[in-house]
Amino acid sequence: MSAREEILTRLRIALRDVPADETAADVPVDRGYQRDGGRSDAERVDLLAERVADYRATVYRCTPGQLSTVVKGILVARDTETLVVPHDAPADWYHGFDGTTLVDSPADPLPLSTLDTADTVLTGCAVAIAATGTLVLDAGPGQGRRALTLVPDHHLCVVAADAVAVAEIVPEALSRLDPTRPLTFISGPSATSDIEFNRVEGVHGPRSLDVVIVA
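Using numbering that gives the first Met the number 0, the first residue of the sequence shown is number 0, and each one after it goes up by one.
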């Protein structure tokens, strides 16, 4: 018996007691998994910072009044000369930046060639997942289109550390997101490994990720 025949035979045996007219919708699925975390808001933020750092991203924490100073310091440290921002990103996020700021808008999107030569993109995020250190962008206010966070080599993301923006676990985050929107999940800088486990960064997106948690 060939491998294919053996697999099909096993499938037929496993399904022989299933009625021919039964569909997947007829079978109840247990949804008793954990939907909410038990940590306080402060504990979630601490966990988020820890997990994001585990992914080789750099984490900064500041108050709203310190944000523009922290962002400017990061841009200077990264030798950023050209900064890309979504058209609806708050101007006070990057107030004081002395380089060239390019604004991307639906009415006037920047060409990919321009994004490719930009040093840094600055965005917000829709939700951050503390347990996995994941940032989720849905092209909402301050986030821009997906290409903005995939093409430039450095992504600087601002996370508002409130009860809505920071979820503890994945099911909790998904309940706050619209599945019909373009969702981008970011866990650290872009990285992959070949069959010999040699890590390569920057293949599918930014090589560097800085996260500023504002609380």
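Glycine is no exception: its CB is placed at the ideal position from the N, C-alpha and C atoms. Since the structure is predicted, the reported quantities are computational estimates derived from the model, not experimental observations.
Reduced DSSP category for residue i - H, G, I as helix; E, B as strand; rest coil
{"i": "Arg-50", "result": "helix"}
{"i": "Ala-159", "result": "strand"}
{"i": "Asp-137", "result": "coil"}
{"i": "Glu-200", "result": "strand"}
{"i": "Thr-68", "result": "helix"}
{"i": "Val-83", "result": "strand"}
{"i": "Ile-73", "result": "helix"}
Cβ pair residue i, residue j closer than 7 Å
{"i": "Glu-167", "j": "Gly-31", "result": "no"}
{"i": "Ala-125", "j": "Val-165", "result": "no"}
{"i": "Pro-205", "j": "Pro-181", "result": "no"}
{"i": "Lys-71", "j": "Gly-98", "result": "no"}
{"i": "Val-158", "j": "Pro-63", "result": "no"}
{"i": "His-153", "j": "Ser-207", "result": "yes"}
{"i": "Ala-172", "j": "Val-44", "result": "no"}
{"i": "Leu-134", "j": "Ala-127", "result": "yes"}
{"i": "Val-199", "j": "Pro-151", "result": "no"}
{"i": "Ile-73", "j": "Leu-155", "result": "yes"}
Other residues of its chain near residue i: CB distance less than 7 Å, five sequence neighbours each side excluded
{"i": "Gly-141", "result": "Pro-85, Asp-87, Ala-88, Pro-89, Thr-122 and Gly-123"}
{"i": "Val-102", "result": "Val-84 and His-86"}
{"i": "Glu-21", "result": "none"}
Chain-order list of residues whose beta-carbon lies under 6 Å from that of residue i (same chain, five-residue window excluded)
{"i": "Tyr-59", "result": "Val-69 and Val-211"}
{"i": "Pro-170", "result": "Arg-34"}
{"i": "Tyr-54", "result": "Gly-132, Ser-186 and Gly-187"}
{"i": "Asp-91", "result": "Ser-67"}
Among the options, the one whose alpha carbon lies nearest that of residue i
{"i": "Thr-131", "options": "His-94, Asp-115, Val-150 and Ile-185", "result": "Ile-185"}
{"i": "Ser-67", "options": "Tyr-93, Thr-100 and Thr-81", "result": "Tyr-93"}
{"i": "Arg-145", "options": "Val-163, Asp-20, Pro-108 and Ala-127", "result": "Pro-108"}
{"i": "Thr-116", "options": "Gly-143, Leu-82 and Ala-138", "result": "Leu-82"}
8 Å Cβ shell around residue i - same chain, five flanking residues per side excluded
{"i": "Leu-78", "result": "Residue 78 is actually Asp in this sequence, not Leu. Excluding sequence neighbours, Asp-78 sits near Asp-118."}
{"i": "Leu-46", "result": "Arg-38, Ala-129, Ala-130 and Glu-167"}
Nearest-angstrom Cα separation, counted from residue j out to residue i
{"i": "Arg-50", "j": "Cys-61", "result": "18 Å"}
{"i": "Ala-76", "j": "Pro-178", "result": "37 Å"}
{"i": "Asp-40", "j": "Ala-48", "result": "13 Å"}
{"i": "Ala-190", "j": "Asp-209", "result": "15 Å"}
{"i": "Ala-56", "j": "Glu-80", "result": "21 Å"}
{"i": "Thr-100", "j": "His-203", "result": "24 Å"}
{"i": "Asp-29", "j": "Pro-110", "result": "47 Å"}
{"i": "Arg-15", "j": "Glu-5", "result": "15 Å"}
{"i": "Leu-220", "j": "Pro-105", "result": "In the structure as shown, the chain begins at 0 and stops at 214. Residue 220 is therefore absent and cannot be evaluated."}
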